[in-house]
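S.K.:
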Amino acid sequence: MSGTSANGTSVSGTSVNGTPANENNDKSTRSTVNRLSAENVTLAYDQRVIAEQLSVEIPDNSFTVIVGPNACGKSTLLRALSRMLKPSQGRVLLDGHVIQSMPAKKVARTLGLLPQSSIAPDGITVGDLVGRGRYPHQGLLRQWSTEDERVVRESMESTGVAELADRYVDELSGGQRQRVWIAMALAQQTPLLLLDEPTTYLDIQHQIDVLDLCAELHEEQGRTLVAVLHDLNHAARYATHLIALRGGQVIAEGAPADIVTAGLVEDVFGLRCQVIEDPETGTPLVVPAARKARTRVAAAEASS
Amino acid sequence: MKVMDTPAIRTSDGTGPRTRRAALRDRVVRTPGGLSVRVDMRAFAVVVALLLAAFTASVVLIGTGDFPIPAVDVLRTLMGNGDAGQEFIVNELRLPRVLVGLLVGASLGLGGALFQSISRNPLGSPDVLGLAQGSTAGALVVIVLFSGSAGQVTAGALVGGLVTGLAIYLLAWKRGVHGYRFVLVGIGVSAIVTAVNGYLITKADLVDAARAVVWMTGSLAGRDWSQVWPLLWMCAVLVPLVLANARGLRMTEMGDDVSYALGVRVERVRMLLMLAAVLLTAGATAAAGPVGFVALTAPRLARRLTRSPGPNLAASMCMGATLLITADWAAQRAFGADQLPVGVVTGVLGGVYLLWLLVTERKAGRI
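Read top to bottom, the protein sequences are chains Y and P.
Residue 191 in the numbering used here sits at position 191 of the first sequence; the count goes up by one each step and never skips.
Count along the second sequence starting at 1, add 1000, and that's the number in the numbering used here.
Next comes the structure, spelled out in structure tokens:
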């Protein structure tokens, strides 16, 4: 799939020379297929370019996980998909519209984001914080409907924080706090939900907790989830669609069972490993090669 | 959305505490047409109490002076049933002064709450950011360089405040204005403008210098109806505008990413409210001089009373008005009519409060 970006480049290149109709057709069919996609986007902070001519489609009703080494642009891609970062070239489409041109609240009713950094205001309770997720559904004269109340209650119940409703967010543990933020994003009731490293800073039990919750949201409520994850094994176990990035380019995408191989892991992460079957789920399990084995290979390569 | 069973996570009904809390704090008024308004009962009670306090202090303040008038007579005169002498003193001399005090206090309280919320920092108030100093510079230029009239001084102060606000915003701008940069840039601007002010004073002749110093202390003495009307118009336009955007502002306290994801047009809300805050502060300073520390203390005191997160705009506004009127009354009561400008009282009280704030912030590890 590394050809995707190259194809994208050539398509936009030729369109200037007189095949715009073709290209328009191509795009309209694409956007009706999937609700969220990035087309030939160039992503940069000031002058620092993170990714060029990157094209990604998020399959509807998938649990898509983006993986890749540090600084490969995965969080940047997520920021672009959630309109936090405006591409310097190309466009991000949501339901066939350029996402930046859509009304802010309308986007917020369709696409939710759980960013890496969020600040709980001083002295806010769990119930209040989750309630703030209803903002895009509210207005000056529609501040707190019975539906708001119901959705907030259900969001807290499904994330297991209902009993904490009266507690202050500052006094919660990291795992509880993360679930409160997820509850807030759920209360937003968006069919698409983007999560930027939702398991960072959590211990293994809470990591699995959060991922189970995501899987449930995906399976039982049919939401489309896009998450950036660090742990390749978590990604392989939970994702239905995996996107592997390196240096701002898509190296491979597809179902984990189809694409996660020792070759791919070495290609993307530069790590020698074995890929075996996860005894619990049958999904690919990446086992890094032992230090001795890796050094032996490196030595052999050096001497040859 | 259906409620589902969550095996991995502790389940609970969880409705008990939530309803109990809702019954304690929030009242929701709903109409059959689908309209709903949510009122924080504690904040509402605080606002009502502060309004009552401001009204009482105003009545007492109108009765205070070289010619004391009992509160009952003040009320009767305000209703239009007083004798001619009292009517003149109350309606022409003292009422406009009290109204200027209320409006200035309210503007400073609201402006301070906006600044502190935008900068996410209790120190990010107009006193610290140098807006008052900017207004002073504007006034001093008119007094010292042009020996302008009172009206021109007011205009100069307004322009000075607006220019300073704009300068801080532009200097602190880097893909959005952020808390610490905003405060630091403000402190820098404040230092520069203070130096300019010092220079202007040294250039002034004795009469102008005396006039400048009186203006710089912040005083309500001699304020009349011509100061009331512009302030009233400013508040009538800005207060509803600010309150209409309060919900968006409350969201931005959770960080730009979260509020943006929730559909708040962060930069637009921030720019609009910043402009309103600069206008409110500059307008208040132009009318009464740089009355110190009301903008710094009122929002924090209001929050202590409401115990509610968020900018607490209405409560801060009422707190500002109450504080300023009470300070003015205390000044007149303790030192006699117009012996002590109100700015000195708020300065002393606010200075003590600032020290306390710095100590507690330091203990909490925030600075």
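The beta-carbon is built from N, C-alpha and C at its ideal position, and this holds for glycine as well.
This structure is a prediction, so every number in the text was calculated from the model and none was measured.
Helix, strand or coil for Asn1091/P, going by three-state DSSP, please let me know.
M.R.: Translated into positions along the second sequence, residue 1091/P becomes position 91. Helix at Asn1091/P.
S.K.: Grab the span of the alpha helix (DSSP H) containing Glu147/Y for me, first residue to last.
M.R.: The residue given as residue 147/Y occupies position 147 in the first sequence. Unbroken alpha helix (DSSP H) run through Glu147/Y: 146–158.
S.K.: Mapping the DSSP letters down to three states, classify Glu197/Y as helix, strand or coil.
M.R.: By one-based count along the first sequence, residue 197/Y stands at place 197. Coil, per DSSP.
S.K.: Are the C-beta of Met1004/P and some C-beta of chain Y separated by less than 9 Å?
M.R.: Start at 1 with the first residue of the second sequence, and residue 1004/P comes out as number 4. Low confidence applies to Met1004/P: its pLDDT is 35, below 50, so where it sits in the model is not reliable enough to give any reading.
S.K.: Any residues in the stretch 1292–1324 of chain P with a beta carbon nearer than 9 Å to a beta carbon of chain Y? Which ones, in chain order?
M.R.: Per Cβ criterion, the list reads Arg1303, Arg1307, Ser1308, Pro1309, Gly1310.
S.K.: Tell me whether Asp1224/P sits in a helix, a strand or coil according to DSSP, three-state version.
M.R.: Along the second sequence, one-based indexing puts residue 1224/P at 224. It is coil, neither helix nor strand.
S.K.: For the structure I just gave you, are there three or more beta carbon pairs, one from the stretch 115–126 of chain Y and one from the stretch 1296–1310 of chain P, closer than 8 Å?
M.R.: Cβ pair count under 8 Å is three or more, so yes.
S.K.: For the stretch 61–74 of chain Y and the stretch 84–98 of chain Y, state whether three or more C-beta atom pairs, one from each stretch, are separated by less than 8 Å.
M.R.: In short, these stretches do not touch, since the Cβ pair count stays below three.
S.K.: Can you look up Gln1133/P in the DSSP assignment and give me helix, strand or coil?
M.R.: By 1-based counting over the second sequence, the position of residue 1133/P is 133. Gln1133/P falls in the helix class under three-state DSSP.
S.K.: I want to see whether chain Y comes within less than 9 Å of Ser1219/P, judged by CB atoms only; does it?
M.R.: Position 219 of the second sequence, counting from 1, holds the residue named residue 1219/P. Chain Y contact via Cβ: absent.
S.K.: If contacts are defined as beta-carbon pairs under 8 Å, then Gly112/Y and Glu39/Y qualify, I think. What distance do you get, rounded to the angstrom?
M.R.: By one-based count along the first sequence, residue 112/Y stands at place 112. By one-based count along the first sequence, residue 39/Y stands at place 39. So it is not a contact: roughly 22 Å between Cβ atoms.
S.K.: How is Pro115/Y classed by DSSP in three states: helix, strand or coil?
M.R.: Position 115 of the first sequence, counting from 1, holds the residue named residue 115/Y. Note: Pro115/Y maps to coil in three-state DSSP.
S.K.: Taking the DSSP output, what are the residues bridged to Arg1038/P?
M.R.: What you label residue 1038/P is simply residue 38 of the second sequence in a count that begins at 1. For Arg1038/P, which the question treats as bridged, DSSP gives the partners Val1028/P.
S.K.: At a CB distance below 7 Å, what residues from the stretch 75–108 of chain Y approach chain P? Give them in sequence order.
M.R.: The residues in question are Ser82, Met84, Ala104, Lys105, Val107, Ala108.
S.K.: Can you pull the DSSP bridge partners for Cys273/Y?
M.R.: Reading the first sequence from its first residue, position 273 is the one you call residue 273/Y. Pro288/Y.
S.K.: Under 9 Å between C-beta atoms, does Ala1261/P make it to chain A?
M.R.: In the structure shown, chain A does not exist; the protein chains are Y and P.
S.K.: Check whether the Cβ of Ala300/Y lies closer than 9 Å to any Cβ atom in chain P.
M.R.: Translated into positions along the first sequence, residue 300/Y becomes position 300. Output row for Ala300/Y: interface = no.
S.K.: So, for Asp196/Y: in the same chain, excluding its five sequence neighbours on each side, which residues have a beta-carbon less than 6 Å away from its beta-carbon?
M.R.: For the purposes of this step, residue 196/Y is identified with residue 196 of the first sequence, where counting begins at 1. Ser75, Leu78, Pro115, Gln116, Val228, listed in sequence order.
S.K.: Taking just the CA atoms, how far does Asp1328/P sit from Gly1343/P?
M.R.: In the second sequence, the residue the question calls residue 1343/P occupies position 343. In the second sequence, the residue the question calls residue 1328/P occupies position 328. So the two alpha carbons sit approximately 8 Å from each other.
S.K.: Does the contact criterion of 3 or more C-beta pairs under 8 Å hold for the stretch 1086–1106 of chain P versus the stretch 1351–1360 of chain P?
M.R.: Flag = no, the stretch 1086–1106 of chain P and the stretch 1351–1360 of chain P do not touch.
S.K.: Can you pull out the residues from the stretch 1226–1256 of chain P whose beta carbon lies closer than 8 Å to at least one beta carbon of chain Y?
M.R.: Taking 8 Å as the Cβ-Cβ cut-off against chain Y, the residues of the stretch 1226–1256 of chain P that qualify are Ala1244, Arg1247, Arg1250, Met1251, Glu1253, Met1254, Gly1255.
S.K.: Which stretch, first to last residue, makes up the alpha helix (DSSP H) that contains Gly1165/P?
M.R.: Looking up residue 1165/P in the second sequence gives position 165. First-last of the alpha helix (DSSP H) with Gly1165/P: 1150–1172.
S.K.: Can you name, in chain order, every residue of its own chain whose Cβ lies under 8 Å from the Cβ of Phe1055/P, other than the five neighbours on each side?
M.R.: As a working mapping, residue 1055/P is identified with position 55 in the second sequence. Nothing listed; no residue qualifies.
S.K.: Determine the burial state of Ala257/Y: buried for a count of at least 16 other Cβ atoms within 10 Å of its Cβ, exposed for fewer.
M.R.: On the first sequence, position 257 is the one that residue 257/Y refers to. By the neighbour-count rule (16 or more Cβ atoms within 10 Å), Ala257/Y is not buried but exposed.
S.K.: Using 8 Å as the threshold, is the stretch 1095–1102 of chain P in touch with the stretch 1154–1166 of chain P, meaning 3 or more CB pairs across them?
M.R.: Too few Cβ pairs lie closer than 8 Å, so no.
S.K.: Tell me whether Pro284/Y is buried or exposed, calling it buried when 16 or more other Cβ atoms sit within 10 Å of its Cβ.
M.R.: In the first sequence, the residue the question calls residue 284/Y occupies position 284. So Pro284/Y ends up on the buried side.
S.K.: Identify which residue in Glu301/Y, Ile58/Y, Glu216/Y, Arg35/Y has its Cα closest to the Cα of Leu94/Y.
M.R.: Locating residue 94/Y in the first sequence gives position 94, counting from the first residue. Of the candidates Glu301/Y, Ile58/Y, Glu216/Y, Arg35/Y, the one whose C-alpha sits nearest the C-alpha of Leu94/Y is Arg35/Y.
S.K.: Do Asp267/Y and Asn233/Y have their C-beta atoms closer together than 9 Å?
M.R.: Taking the first sequence and counting its residues from 1, one reaches residue 267/Y at position 267. Taking the first sequence and counting its residues from 1, one reaches residue 233/Y at position 233. No.
S.K.: Out of Tyr1169/P, Gly1130/P, Arg1250/P, Met1319/P, which one is the CA nearest neighbour of Ala1191/P?
M.R.: On the second sequence, residue 1191/P is found 191 positions in, with the first residue counted as 1. Looking at the Cα atoms, Gly1130/P is the closest of the given residues.
S.K.: Using CA coordinates, which residue listed in Ala1209/P, Ala1106/P, Leu1200/P, Arg1030/P is at the minimum distance from Leu1051/P?
M.R.: The residue you call residue 1051/P lines up with position 51 of the second sequence. Of the listed residues, the one whose Cα sits closest to Leu1051/P is Ala1106/P.
S.K.: With a threshold of 16 other CB atoms inside 10 Å of the CB of Lys1363/P, please say whether the residue is buried or exposed.
M.R.: In the second sequence, residue 1363/P corresponds to position 363, counting from 1. Flag for Lys1363/P reads exposed.
S.K.: Distance, Cα to Cα, Ile1143/P vs Thr1217/P?
M.R.: As a first step, residue 1143/P is located in the second sequence; it is residue number 143 there, counting from the start. As a first step, residue 1217/P is located in the second sequence; it is residue number 217 there, counting from the start. Approximately 15 Å between the Cα atoms of the pair.
S.K.: Shorter than 9 Å from the beta carbon of Ile50/Y to some beta carbon of chain P?
M.R.: Here the question's residue 50/Y lines up with position 50 in the first sequence. So, not an interface residue.
S.K.: So, does the stretch 1195–1208 of chain P touch the stretch 1231–1239 of chain P, judging by three or more C-beta pairs under 8 Å?
M.R.: Touching, no.
S.K.: Please state the DSSP three-state secondary structure of Gln249/Y.
M.R.: Stepping through the first sequence from its first residue, residue 249/Y is reached at position 249. It is a strand residue.
S.K.: Taking the alpha-carbon positions, what's the Val152/Y to Asp166/Y distance?
M.R.: Within the first sequence, numbered from 1, the residue matching residue 152/Y stands at position 152. Within the first sequence, numbered from 1, the residue matching residue 166/Y stands at position 166. Computed Cα separation, rounded: 13 Å.
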